[in-house]
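Numbering (this note's numbering), first residue to last: 469 to 930.
Structural data, given as structure tokens:
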């Protein structure tokens with residue numbers, strides 16, 4: 469029963485995401501393309517708010533962080549040096565010999581015996597039900613392409629943003645003269661030819677990463693690793709994820725990436741199960757040493773205190789934008805009984821409502837302004853005046869006079885707008901408005917300036 473409830477929750481989230489302009493199927497009018505999704509107006513705003521908050525928290529508020537925006541297409545030699553063109557960046561694929569469908573090797577179903585134990589000897593195709601009739605092979609996840617006028621130069625759509633940072637390490641050191649420890653941060657697209665993209669925007673072929681490579685001295689890596697562990701928890705709290713849904717996994721050596729000496733995965737309770745959300749890895753000096761060897765350029769750092777050149781070690785906190793969007797939608801999705809959450813004279817029936825309990829700092833719309841009645845020109849004009857003034861201070865606001873007030877509340881709740889402001893007849897007399905809280909439904913009477921100030925503060929601080 470729990471699985472059915474979780475499956476229903478996922479269906480509700482996907483439906484709301486499309487209905488309210490968050491996420492659409494890529495190429496939908498042509499039947500779609502698996503593993504691709506388009507973000508609508510609300511989704512773009514949500515993504516940008518997440519990225520902007522991340523940037524303020526991890527880059528702009530610090531003195532030891534430097535930004536890059538590296539190219540998606542890179543010299544083929546970059547990926548040879550990083551190990552991506554070899555066996556280090558492949559996934560096992562299982563191919564059913566009967567229906568020819570392909571599955572990730574870690575996502576196959578096995579028959580269970582009478583005691584509920586998995587039998588590793590019996591593989592069952594989840595598409596056609598065929599047992600033990602399959603073959604396996606390794607599958608490289610990179611998208612290969614050709615560049616140049618004659619299309620003879622091989623390149624790849626980058627499978628991660630990290631290498632764009634490493635190949636620019638020398639440029640940052642030479643141009644910015646940073647002092648260890650320091651970090652290089654980047655937000656950008658990455659691409660992986662996933663065997664079986666699934667679970668909405670969780671596993672896709674095109675995705676966006678927010679990533680940092682933090683360069684440290686080798687003997688200090690554990691201290692910095694633990695510091696970043698704490699910072700990542702602070703980030704998850706800032707975007708509204710519940711602690712009960714977050715689980716820390718110390719990844720065993722057999723499951724770690726080829727470059728990692730220690731990795732902690734932050735797993736999240738998505739509707740389809742507990743899955744990786746973020747990762748924190750200690751990459752040692754693997755990348756800088758490999759690029760030094762393959763390029764012939766010295767990617768070292770001169771330590772003025774020790775008077776020697778050294779190759780820094782790297783702590784890598786990585787955050788997926790799309791998975792963050794899905795985790796935030798999952799955490800924010802709420803159903804409750806309206807009860808007395810709105811004024812009795814609004815005419816709004818007391819029934820189950822759906823709302824997204826976004827933190828104000830990431831909400832796509834920070835506030836909405838209504839006239840009490842849309843057929844009263846003086847109220848519409850006053851509401852427009854309030855809206856125009858508010859928008860000067862908080863750009864992500866909207867004006868709504870479509871339908872009655874109850875329907876407008878419902879619509880704003882469903883897209884996660886933290887507060888709504890109503891201009892009524894009293895507003896015409898004393899420049900006060902009614903401000904309603906999304907989560908509690910409680911209302912308070914404030915001056916227009918007081919309302920603007922509260923919205924502005926909440927939007928920045930979350």
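All C-beta atoms in this analysis are idealised placements derived from N, C-alpha and C, irrespective of residue type, glycine included.
(request) Work out the CA separation of residue 822 and residue 480 for me, nearest whole Å. (result) One-based indexing of the chain shown puts residue 480 at position 12. One-based indexing of the chain shown puts residue 822 at position 354. Roughly 10 Å between the two C-alpha positions.
(message) Please classify residue 631 as buried or exposed, where buried requires at least 16 neighbouring CB atoms within 10 angstroms.
(response) As a first step, residue 631 is located in the chain shown; it is residue number 163 there, counting from the start. Residue environment for residue 631: buried (at least 16 other C-beta atoms within 10 angstroms of its C-beta).
(request) Name the two residues that bound the continuous alpha helix (DSSP H) containing residue 880. (result) To locate residue 880, count along the chain shown from 1; it is residue 412. 873-883 is the span of the alpha helix (DSSP H), which, as asked, contains residue 880.
(request) Counting only runs of 3+ residues fully inside the region 504-558, write out the beta strand (DSSP E) ranges in chain order. (result) Fully enclosed beta strand (DSSP E) runs of 3 or longer: 505-507, 533-535, 541-543.
(request) Would you mind reading off the limits of the alpha helix (DSSP H) that contains residue 610? (result) Residue numbering aside, residue 610 sits at position 142 when the chain shown is read from its first letter. Segment: none, residue 610 is in no alpha helix (DSSP H) and carries neither H nor E.
(message) By alpha-carbon positions, which one of 875, 760, 660 ends up nearest to residue 504?
(response) One-based indexing of the chain shown puts residue 504 at position 36. Taking the Cα of residue 504 as reference, the smallest distance to any Cα among 875, 760, 660 is reached at 660.
(message) To test your reading of the DSSP string, which unbroken beta strand (DSSP E) runs of 3 or more residues are found completely within the region 626-688?
(response) Fully enclosed beta strand (DSSP E) runs of no fewer than 3 residues occupy 650-659, 674-684 of the region 626-688, in order along the chain.
(message) Below 8 Å on the Cβ atoms is my contact criterion, and I expect residue 745 with residue 795 to pass it. Report the Cβ-Cβ distance as a whole number of Å.
(response) Indexing the chain shown from 1 puts residue 745 at position 277. Indexing the chain shown from 1 puts residue 795 at position 327. Between residue 795 and residue 745 the Cβ distance is about 6 Å, and since that is below 8 Å, they are a contact.
(request) Would you kindly check if the distance between the Cβ of residue 680 and the Cβ of residue 651 is under 7 Å? (result) The residue labelled residue 651 in the question sits at position 183 within the chain shown. The residue labelled residue 680 in the question sits at position 212 within the chain shown. Going by C-beta atoms, residue 651 is nearer than 7 Å to residue 680.
(message) For residue 733, count the other beta carbons within 10 Å of its own beta carbon; 16 or more makes it buried, fewer makes it exposed. Which is it?
(response) Walking along the chain shown from the start, residue 733 turns up at place 265. Buried, since its Cβ has 16 or more Cβ neighbours within 10 Å.
(message) Taking 7 Å as the limit between beta carbons, can you name the residues of its chain near residue 866, skipping five residues before and five after?
(response) Counting from 1 along the chain shown, the entry for residue 866 is found at position 398. Around residue 866, the same chain offers 833, 836 as residues with beta carbons nearer than 7 Å, after the five sequence neighbours per side are excluded.
(message) How far does the beta strand (DSSP E) with residue 824 in it extend, from its first residue to its last?
(response) Working through the chain shown from its first residue, we reach residue 824 at position 356. First-last of the beta strand (DSSP E) with residue 824: 820-824.
(message) Three Cβ pairs or more, each shorter than 8 Å: is that satisfied between the region 704-721 and the region 673-690?
(response) Pairwise C-beta distances place the region 704-721 out of contact with the region 673-690, as fewer than three of them are shorter than 8 Å.
(message) For residue 485 and residue 769, I'd like the C-alpha separation in whole angstroms.
(response) Position 17 of the chain shown, counting from 1, holds the residue named residue 485. Position 301 of the chain shown, counting from 1, holds the residue named residue 769. The alpha-carbon atoms of residue 485 and residue 769 are separated by roughly 47 Å.
(request) For residue 765, count neighbouring C-beta atoms within 10 Å of its own C-beta (all shown protein chains included) and say buried if the count is 16 or more, exposed if not. (result) In the chain shown, residue 765 corresponds to position 297, counting from 1. Residue 765 is exposed by the Cβ-count criterion.
(request) Please go through the same chain and pick out, in chain order, the residues whose beta-carbon is closer than 7 Å to the beta-carbon of residue 791, but skip the five residues on each side of it. (result) The residue given as residue 791 occupies position 323 in the chain shown. When the five nearest sequence neighbours on each side are left out, the beta carbons in the same chain lying within less than 7 Å of the beta carbon of residue 791 are those of 670, 745, in order along the chain.
(request) With a floor of 3 residues, list each beta strand (DSSP E) that falls wholly inside the region 722-794, ordered by position along the chain. (result) Taken in chain order, the complete beta strand (DSSP E) segments of 3 or more residues contained in the region 722-794 are 730-738, 741-752, 769-771, 776-778, 781-788.
(message) Measuring only the C-alpha atoms, how far is residue 618 from residue 612?
(response) Position 150 of the chain shown holds residue 618. Position 144 of the chain shown holds residue 612. Per the coordinates, the alpha-carbon of residue 618 lies some 16 Å from the alpha-carbon of residue 612.
(message) Closer than 8 Å is the cut-off here; do at least three beta carbon pairs connect the region 737-757 with the region 777-786?
(response) Touching, yes, given that three or more Cβ pairs across the two stretches are closer than 8 Å.
(request) To the nearest angstrom, report how far apart residue 914 and residue 870 are at their CA atoms. (result) Taking the first residue of the chain shown as 1, we reach residue 914 at position 446. Taking the first residue of the chain shown as 1, we reach residue 870 at position 402. Distance between the alpha carbons of residue 914 and residue 870: 24 Å.
(message) Taking only three categories from DSSP, how would you classify residue 848?
(response) Position 380 of the chain shown holds residue 848. Helix at residue 848.
(request) Report all residues from its chain with a CB closer than 6 Å to the CB of residue 797; omit the five preceding and five following residues, and keep chain order. (result) The residue given as residue 797 occupies position 329 in the chain shown. Closer than 6 Å at Cβ, skipping near neighbours: 481.
(request) Output yes or no for whether 7 Å exceeds the beta carbon distance between residue 862 and residue 927. (result) Position 394 of the chain shown holds residue 862. Position 459 of the chain shown holds residue 927. In contact: residue 862 and residue 927 (Cβ atoms closer than 7 Å).
(request) Starting from the Cα of residue 827, find the closest Cα among 606, 925, 597, 636 and give me that residue. (result) By 1-based counting over the chain shown, the position of residue 827 is 359. Checked all of 606, 925, 597, 636; the closest Cα to residue 827 is 925.
(message) I'd like the list of long-range same chain contacts for residue 809, defined as Cβ closer than 6 Å, with 5 residues on each side in sequence excluded.
(response) Working through the chain shown from its first residue, we reach residue 809 at position 341. Low per-residue confidence applies at residue 809: pLDDT is 46, beneath 50, and the placement is therefore not dependable, though the value from the model is reported in the following sentence. 909.
(request) With DSSP collapsed to three states, give me the class of residue 710. (result) In the chain shown, counting from the first residue as 1, residue 710 sits at position 242. In this structure, residue 710 counts as coil in the three-state DSSP scheme.
(request) Just tell me which of 674, 742, 605 has its CA closest to the CA of residue 626. (result) To locate residue 626, count along the chain shown from 1; it is residue 158. Nearest C-alpha to residue 626: 674.
(request) Using alpha carbons as the reference points, say which of 912, 658, 781, 698 lies closest to residue 539. (result) On the chain shown, residue 539 is found 71 positions in, with the first residue counted as 1. Restricting attention to 912, 658, 781, 698, the CA atom closest to the CA of residue 539 is found in 658.
(request) Count the other CB atoms, across all protein chains shown, that sit within 10 Å of the CB of residue 510; report buried if there are 16 or more and exposed otherwise. (result) Taking the first residue of the chain shown as 1, we reach residue 510 at position 42. With 16 or more Cβ atoms within 10 Å of its Cβ, residue 510 is classed as buried.
(request) Name, in chain order, the residues that DSSP records as bridge partners for residue 704. (result) For the purposes of this step, residue 704 is taken as the residue at position 236 of the chain shown. Looking at the DSSP assignment, residue 704 forms no beta bridge with any residue, so it has no partner.
(message) Taking the alpha carbon of residue 907 as the reference point, which residue from 878, 919, 916 has its own alpha carbon closest?
(response) Start at 1 with the first residue of the chain shown, and residue 907 comes out as number 439. With distances taken between Cα atoms, residue 907 lies closest to 878.
(message) Can you tell me whether residue 913 is helix, strand or coil according to DSSP?
(response) For the purposes of this step, residue 913 is taken as the residue at position 445 of the chain shown. Strand, per DSSP.
(message) As a quick exercise: from 623, 567, 610, pick the residue whose alpha carbon is nearest that of residue 597.
(response) On the chain shown, position 129 is the one that residue 597 refers to. That would be 567, whose Cα lies nearest to the Cα of residue 597.
(request) Kindly list the residues whose CB is nearer than 6 Å to the CB of residue 570, restricted to its own chain and excluding five residues on each side of it in sequence; keep chain order. (result) Residue 570 sits at position 102 when you count from the first residue of the chain shown. Taken in chain order, the residues that qualify are 561, 563, 663.
(request) Quick one: residues in its chain with C-beta nearer than 8 Å to the C-beta of residue 899, no 5 flanking neighbours on either side, listed in chain order? (result) Stepping through the chain shown from its first residue, residue 899 is reached at position 431. Cβ within range, chain order: 915, 916.
(message) Considering Cα atoms alone, identify which of 517, 520, 491 is closest to residue 507.
(response) Taking the chain shown and counting its residues from 1, the one referred to as residue 507 is at position 39. Of the listed residues, the one whose Cα sits closest to residue 507 is 491.
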